[in-house]
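K.L.:
Just dropping this structure here.
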């Protein structure tokens, strides 16, 4: 397989096309407009359809429409734009429409800034819109992984008839790295449920609606059953030097990548530091993290937020091990040396 | 004796009993749409996008595939469907709150793109399902639960004229305002709805038919008086007629 140099956003776009996505609806927003532009350029070359929507609100509903007639479809946006999409995402989750979303997260809250952040973790993993629903959330840490997980996202979306979110940030989106793409032949068939005309069968409805509470509860229970299956089958994570570790760093996405450098620094100094990097943020790898942390004396969670994944880390570890946190907000990216200094301080303060 | 069928339920209606109030015009318009779908032989490839409002169940009353969009977003949902499957016929069914308040942006931009979808727009100057609140098309002086002293221009602005606003958009292929209060009106409305679907089938652009309708329940009038009120008040505010017609008349 040939490797080419590509930006993270563009690699996601190309991987989507290789995964059979021929429809993209989106609205420009920094720092992900390169993905929108890439799709505008590329989709007509493969007889696909690119449409710039009038807003993120319209874009997410175009996704609803295209998915409901059975086609693979995606959109991408950045934090404020993803907030605008939440109503539609909730409808899509309830109507069980496969679709792929990319949130290139930037500093918030509010208009915030356009620098890399992980401050949308709660929104991504705990719902975001109204009602009891979950997105499958994938957090890549390299351009190659972003491309690979995009392919995975389309497969999972169809498999579970569920929206899948690729949780990226401006650093990953703008960074160029060598990347190779899968040439696997793609085929999918959603004709068993899609709205394609009531020919030789009764009319069919795809909705997120049931006025009868018992009926709606039944729909909810179906969703919950699906989420349980995801929790059983789709957990992904990566561990680095955790076997003999005495200290465990937990970080995801770009932060996970930076934390790897911290592990290298610490190991050179003879400190037994390992890294646990969740790849699926939902379902979160609670059990795997618990096992990796079983024999360590300190868990340090590092995020580009005020400590959102930290809550899931604490749920996994409970009171068994001391859990500490370091994070920077608003688009400030913690550097390896900075984190290493914090790590050494935390060790020193151990009572 | 041989009997000839003179009148029957359109194939494209599901037969499910309508949930609309006595004297409401949704039922008449539903039937006209279903007749049109039958006559154009589109039942097996037409998708309805229902709105949020009294007609939220519209997708159950037609015997065709369908969905219900978030409030106001039907034209965006329909756009996604049509772009993904241009071979399907897609129509949205929307009320005045759905189309002319919360969904203004989606409607105007679908119209401006010349999106090959059809919108049937029910304008009864009030929010029905939520219990009679002020709509963007509520007439000046009209009392609703959220304009209890009557709509005032200086406070709530003026009734929104959808046809007049979008008639200048180049993507619009067929646009008309009508009513269904007399048999003649019903025939005219049927003609307009058919033309609107033909605009889509011929790939000419976006089509919209606005139907002035009654809401006896929330207007606080009997069905008969509601028709009279519509004739005397709504037709003055909202002039009837064809605003755009790129379909032309079949020879």
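Residue numbers (this note's numbering), protein chains in the order written: chain X, 1 to 351; chain Z, 1001 to 1251.
Just so it is clear, CB atoms sit at the ideal spot from N, CA and C, and this is done for glycine as well.
Fair warning: this is a prediction, and the values are worked out from it, not measured in the lab.
(1) Using C-beta distances below 6 Å, list every residue in its chain close to residue 1188 of chain Z, excluding the 5 sequence neighbours before and after it, in chain order.
(2) Which one of Z:1170, Z:1132 and Z:1176 has the shortest CA to CA distance from residue 1121 of chain Z?
(3) Hey, out of X:116, X:97 and X:16, whose CA is closest to residue 76 of chain X's CA?
(4) Under 8 Å: do the region 312–331 of chain X and the region 94–112 of chain X share three or more Cβ pairs, one atom per stretch?
(5) For residue 1002 of chain Z, which of helix, strand or coil comes out of DSSP?
(6) Between which residues of its own chain and residue 312 of chain X is the CB-CB distance below 6 Å, once the five residues before and five after are set aside?
(7) Go through the region 182–250 of chain X residue by residue and report every complete run of the alpha helix (DSSP H) that reaches 4 residues or more, in order.
(8) Give the DSSP bridge partners of residue 1048 of chain Z, in chain order.
(9) For residue 1264 of chain Z, which residues of its own chain have a beta-carbon under 6 Å away from its beta-carbon, when the five flanking residues on both sides are left out?
(10) In chain Z, which residues lie with their C-beta within 8 Å of the C-beta of residue 218 of chain X?
(11) Which chain X residues are close to residue 1100 of chain Z, counting only those with a beta carbon under 8 Å from its beta carbon?
(12) According to DSSP, is residue 167 of chain X part of a helix, a strand, or is it coil?
(13) Can you grab the Cα-Cα spacing for the pair residue 18 of chain X / residue 126 of chain X, in whole Å?
(14) Give the single residue among Z:1052, Z:1092, Z:1062 and Z:1006 whose Cα lies nearest to the Cα of residue 1196 of chain Z.
(15) What does residue 1222 of chain Z touch in chain X if you count any residue whose Cβ is under 7 Å from its own?
(16) CB residue 275 of chain X to CB residue 259 of chain X, shorter than 8 Å?
(17) Can you list, in chain order, the stretches of the beta strand (DSSP E) that have 3 or more residues and sit fully within the region 65–93 of chain X?
(18) Tell me which residues share the same chain as residue 1016 of chain Z and place their Cβ nearer than 8 Å to its Cβ, disregarding the 5 neighbours each side in the sequence.
(19) Would you say residue 1058 of chain Z lies against chain X (beta-carbon separation less than 8 Å)?
(20) Report the rounded CA-to-CA distance for residue 148 of chain X versus residue 27 of chain X, giving the unit in angstroms.
(21) Which term fits residue 1137 of chain Z, buried or exposed, when burial requires 16 or more other beta carbons within 10 angstroms of its beta carbon?
(22) Counting only Cβ pairs nearer than 9 Å, list the residues of chain X close to residue 1252 of chain Z.
(23) Pick helix, strand or coil for residue 1154 of chain Z, following the three-state DSSP scheme.
(24) Let me make sure I understand the geometry here. Which of X:60, X:218 and X:143 has the alpha-carbon closest to that of residue 177 of chain X?
(25) I'd like to know whether the C-beta atoms of residue 64 of chain X and residue 88 of chain X end up nearer to each other than 8 Å.
(26) Buried or exposed, going by whether 16 or more other CB atoms sit within 10 Å of the CB of residue 1299 of chain Z?
(27) At 9 Å on the CB atoms, spell out the chain X contacts of residue 1006 of chain Z, in chain order.
(28) Rank Z:1033, Z:1025, Z:1049 and Z:1206 by C-alpha distance to the C-alpha of residue 1191 of chain Z and give the top, closest one.
(29) With a threshold of 7 Å on Cβ separation, who are the neighbours of residue 167 of chain X within its own chain once the five nearest residues in sequence on each side are excluded?
(30) For residue 1030 of chain Z and chain X, any beta-carbon pair shorter than 8 Å?
(31) I'd like to know if residue 36 of chain X contacts chain Z, where contact means its C-beta is closer than 8 Å to some C-beta of that chain.
P.N.:
Taking the structure as given:
(1) 1178
(2) Z:1176
(3) The residue with the shortest Cα to Cα distance from residue 76 of chain X is X:16.
(4) yes
(5) coil
(6) Hits under 6 Å: 284.
(7) 213–233
(8) Z:1066 and Z:1091
(9) Any property of residue 1264 of chain Z remains undetermined from this structure, which presents chain Z solely from 1001 to 1251.
(10) Simply none; closest approach about 17 Å.
(11) Ordered by position in chain X, no residue passes the 8 Å Cβ test against residue 1100 of chain Z, which lies about 16 Å from the chain.
(12) strand
(13) 30 Å
(14) Z:1092
(15) The contacting residues do not exist; residue 1222 of chain Z stays about 28 Å from chain X at best.
(16) yes
(17) Here the runs fully enclosed are 73–77.
(18) 1060 and 1061
(19) no
(20) Residue 148 of chain X and residue 27 of chain X have their C-alpha atoms roughly 24 Å apart.
(21) When all chains shown are included, residue 1137 of chain Z counts as buried.
(22) With chain Z covering only 1001 through 1251, there is no way to say anything about residue 1252 of chain Z.
(23) helix
(24) Considering only X:60, X:218 and X:143, the residue with the shortest C-alpha distance to residue 177 of chain X is X:143.
(25) yes
(26) One cannot answer for residue 1299 of chain Z here, as it falls past the ends of chain Z, which runs 1001 to 1251.
(27) Within 9 Å Cβ-Cβ: nothing; residue 1006 of chain Z doesn't reach chain X, min ~26 Å.
(28) Z:1033
(29) 103, 105, 124, 137, 138, 139, 253 and 281
(30) Residue 1030 of chain Z has a beta carbon lying at 8 Å or more from every beta carbon in chain X.
(31) Interface flag for residue 36 of chain X against chain Z is unset, since no Cβ pair is found closer than 8 Å.
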